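Below is one structure, written out as structure tokens; comments come after it.
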Amino acid sequence: MGSGGTLQQEIAVFGESGSGKTVLLSSFYGAAQEPQFVRKSLFRVVADDFGQGARLHQNYLGMKNSAKRPEITRFSATAHSFSIKLKDGDAKNNKGKPFDALRLIWHDYPGEWFEQGVSGPEEAKRRVATFRSLLGSDVALLLVDGQRLLDNSGEEERYLKSLLANVKNALLVLKDDLLEDGQPLVEFPRIWIMALSKADLLPEMNVFNFRDLVIEKAREDLEELRNVLEGLVEVSEALSVGEDFMLLSSAKFEVDKIEVTKRVGLDLILPLAATLPFERLARWHELREVPWKVLDGLLMGAGAFAVMLVGKGRRGGIPVKAPGPIGAVVGILGFTALADALNDAARLGSEKLEEIHSEALAQQHFLTATLAEFRLKLNEAEDERVLIRSFG
10 MGSGGTLQQE IAVFGESGSG KTVLLSSFYG AAQEPQFVRK SLFRVVADDF
60 GQGARLHQNY LGMKNSAKRP EITRFSATAH SFSIKLKDGD AKNNKGKPFD
110 ALRLIWHDYP GEWFEQGVSG PEEAKRRVAT FRSLLGSDVA LLLVDGQRLL
160 DNSGEEERYL KSLLANVKNA LLVLKDDLLE DGQPLVEFPR IWIMALSKAD
210 LLPEMNVFNF RDLVIEKARE DLEELRNVLE GLVEVSEALS VGEDFMLLSS
260 AKFEVDKIEV TKRVGLDLIL PLAATLPFER LARWHELREV PWKVLDGLLM
310 GAGAFAVMLV GKGRRGGIPV KAPGPIGAVV GILGFTALAD ALNDAARLGS
360 EKLEEIHSEA LAQQHFLTAT LAEFRLKLNE AEDERVLIRS FG
């Protein structure tokens, strides 16, 4: 949790060179600057670095107005920070809440480091430092390039096996530098979503088709990647790799036109980064019997979200003076009530979420309304066959 009542969520985006990471980021930010988005949304997306925001917006406008694709960035590893600015009126209604603002950090890991070795010791250091910078992410997107699937039509396994092997081998190369004294990492992306980028090139493919293709053609390779990730992280039971799938398209690209309004999945980025971790944490605790106390890093944000959605819940838990970052949330609830709040929030169905959303809007609790809206978006995306969330 950031300072000043801001809850910071991070997402890491992995993909080989040319898989569409720069276009995705530009479209995500540019679409949020459109007048119709600003008018209808409960929040605005503001780049914390003005120069970064201007470049992303310029990329988006170039696509929209001139059918100009953004230039491919090579070895660019700059994190982008976005503040989610809520409508006026929320601050005065947020007394006693665990946070009153959101920030999204988007980490873009250079695809070249999956495909080729580094040029020398300085670049090797930069690669390790870049990966360390994204360890605070709970969610990672692993992009599967729709163009590469098309290029290998009928032999998709050639591309999928190569992609997964490159990611696996890159992680193995980094392992010794990432693990201090060989100790597994507590802070590490624990939810790895397989995301089909450039999904507009495969209009007949829904997310179930995509999942089935990956499982049919590269199941063993996905398991090998999971095994490598398990070797990096403490409490490997709290890890989802290749259990969640989504479709992503920044726009519809034609020869002389780019239709930026025809996007798929970009409006899920914020909801996934914000709410998927607490959904998954509750299930890991319940189904995989992962103890709460070994997941204190995840509990920090997850517990705060649960409180915002379902209130303080039953305060019957014994108050605990918890060390580290979860102290504030546990101080509100106690461990037992925190578990109750997490489980209650994870089980909220669409009808109850609609009720919470309407009530929060009426009371101008725009942050609570936004979080409920995020959950509803994920439910709708599943109905539209754009997203598959794991239930384990």
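Throughout, my numbering is defined as the position within the sequence shown, counted from one, plus 9. The beta-carbon is built from N, C-alpha and C at its ideal position, and this holds for glycine as well. This one's a predicted model, so the numbers in the text were calculated from it and none came from an experiment.
In the structure shown, what three-state DSSP assignment does Arg199 receive?
Indexing the sequence shown from 1 puts residue 199 at position 190. In the structure shown, Arg199 sits in coil (DSSP, three-state: anything other than H, G, I, E or B).
Contact belief for Leu205 with Leu285 at Cβ below 8 angstroms, rounded distance in angstroms:
Translated into the one-based positions of the sequence shown, residue 205 becomes position 196. Translated into the one-based positions of the sequence shown, residue 285 becomes position 276. Not quite, the Cβ-Cβ distance comes to about 18 angstroms (not below 8 angstroms), so this is no contact.
Which stretch, first to last residue, makes up the alpha helix (DSSP H) that contains Ala174?
Position 165 of the sequence shown holds residue 174. Element bounds for Ala174: 165–187.
Start and end of the beta strand (DSSP E) containing Gly132?
As a working note, residue 132 is residue 123 in the sequence shown. Residue identity differs from the one stated: residue 132 is Glu in this sequence, not Gly. Run containing Glu132: none in the beta strand (DSSP E); it sits in the alpha helix (DSSP H), 130–142.
Whose CA, out of Arg48, Phe46, Gly163, Asp154, lies closest to the CA of Val22?
In the sequence shown, residue 22 corresponds to position 13, counting from 1. Measuring from the Cα of Val22, the nearest candidate turns out to be Asp154.
Which of helix, strand or coil does DSSP assign to Met72?
Along the sequence shown, read from residue 1 onward, the residue named residue 72 stands at position 63. The answer is helix: DSSP assigns Met72 an H, G or I state.
Answer with buried or exposed for Gln18, where buried requires no fewer than 16 other C-beta atoms within 10 angstroms of its C-beta.
Within the sequence shown, numbered from 1, the residue matching residue 18 stands at position 9. Flag for Gln18 reads buried.
Which whole-angstrom value describes the C-beta separation of Ser258 and Gly240, a residue pair presumed to lie in contact below a C-beta threshold of 8 angstroms?
Reading the sequence shown from its first residue, position 249 is the one you call residue 258. Reading the sequence shown from its first residue, position 231 is the one you call residue 240. 34 angstroms between Cβ atoms; not a contact.
Measure the C-alpha to C-alpha separation of Pro198 and Glu364 and round it to an integer number of angstroms.
The residue labelled residue 198 in the question sits at position 189 within the sequence shown. The residue labelled residue 364 in the question sits at position 355 within the sequence shown. Cα-Cα distance, rounded: 32 angstroms.
Have a look at Glu25, Arg289, Leu143, Lys271 and flag the residue whose alpha-carbon is nearest the alpha-carbon of Gly120.
Position 111 of the sequence shown, counted from the first residue, corresponds to residue 120. That would be Glu25, whose Cα lies nearest to the Cα of Gly120.
Taking Cβ to Cβ, would you say Met72 is nearer than 7 angstroms to Ile267?
Sequence index remark: in the sequence shown, residue 72 carries index 63 (1-based). Sequence index remark: in the sequence shown, residue 267 carries index 258 (1-based). Yes, Cβ-Cβ distance for Met72 and Ile267 is below 7 angstroms.
Kindly indicate if chain D contains any beta-carbon less than 7 angstroms away from that of Glu229.
Among the chains of the structure shown, chain D does not appear; only one protein chain is present.
In angstroms with no decimal places, state the Cα-to-Cα distance between Leu150 and Leu51.
For the purposes of this step, residue 150 is taken as residue 141 along the sequence shown, with counting starting at 1. For the purposes of this step, residue 51 is taken as residue 42 along the sequence shown, with counting starting at 1. Approximately 26 angstroms between the Cα atoms of the pair.
Leu159 burial status per 10 Å Cβ neighbour count (16 or more: buried):
Counted from its first residue, the sequence shown places residue 159 at position 150. Label assigned to Leu159: exposed.
7 angstroms Cβ shell around Val237 - same chain, five flanking residues per side excluded
Along the sequence shown, read from residue 1 onward, the residue named residue 237 stands at position 228. Excluding residues within five positions, the ones whose Cβ falls inside 7 angstroms are Lys177, Leu180, Leu181.
Do the CB positions of Leu169 and Ala208 come within less than 7 angstroms of each other?
Numbered from its first residue, the sequence shown carries residue 169 at position 160. Numbered from its first residue, the sequence shown carries residue 208 at position 199. No, these two residues do not count as a Cβ contact at 7 angstroms.
Based on Cα-Cα distance, which residue from Arg64, His89, Arg112, Gln67 lies nearest to Gly14?
By one-based count along the sequence shown, residue 14 stands at place 5. Comparing Cα-Cα distances from Gly14 to each of Arg64, His89, Arg112, Gln67, the minimum goes to Arg112.
DSSP on Lys330, reduced to helix/strand/coil?
One-based indexing of the sequence shown puts residue 330 at position 321. For Lys330, the predicted structure reports a pLDDT of 36, less than 50, and the residue's modelled location is therefore unreliable. The matter cannot be settled from this model.
How would you label Ile8, buried or exposed, when you count the other beta carbons within 10 angstroms and need 16 or more for buried?
The question about residue 8 has no answer, for the chain in this structure spans 10 to 401.
How far does the beta strand (DSSP E) with Asp154 in it reach, from first residue to last?
Taking the sequence shown and counting its residues from 1, one reaches residue 154 at position 145. Element bounds for Asp154: 148–154.
What residue does the alpha helix (DSSP H) around Glu124 start on, and which one ends it?
Your numbering for residue 124 matches position 115 in the sequence shown. Note, Glu124: alpha helix (DSSP H), 121–124.
CB-CB length for Val54 against Ala41, believed under 8 angstroms:
The count along the sequence shown starts at 1 and reaches residue 54 at position 45. The count along the sequence shown starts at 1 and reaches residue 41 at position 32. With 8 angstroms as the limit, Val54 and Ala41 qualify as a contact, their Cβ atoms being about 4 angstroms apart.
Please tell me whether Arg398 and Asp253 are closer than 7 angstroms, where the distance is taken between their beta carbons.
As a position in the sequence shown, residue 398 is number 389, starting the count at 1. As a position in the sequence shown, residue 253 is number 244, starting the count at 1. The answer is yes: Cβ separation under 7 angstroms.
Using the three-state DSSP reduction, which class does Arg394 fall into: helix, strand or coil?
As a working note, residue 394 is residue 385 in the sequence shown. Correct three-state label for Arg394: coil.
Does Gly251 come out as helix, strand or coil in the three-state DSSP assignment?
Position 242 of the sequence shown holds residue 251. If DSSP states are grouped into helix, strand and coil, Gly251 belongs with the strands.
Just mark Phe383 as buried or exposed, buried being the case when its beta carbon has 16 or more other beta carbons within 10 Å.
Taking the first residue of the sequence shown as 1, we reach residue 383 at position 374. Buried, because 16 or more other Cβ atoms sit within 10 Å of the Cβ of Phe383.
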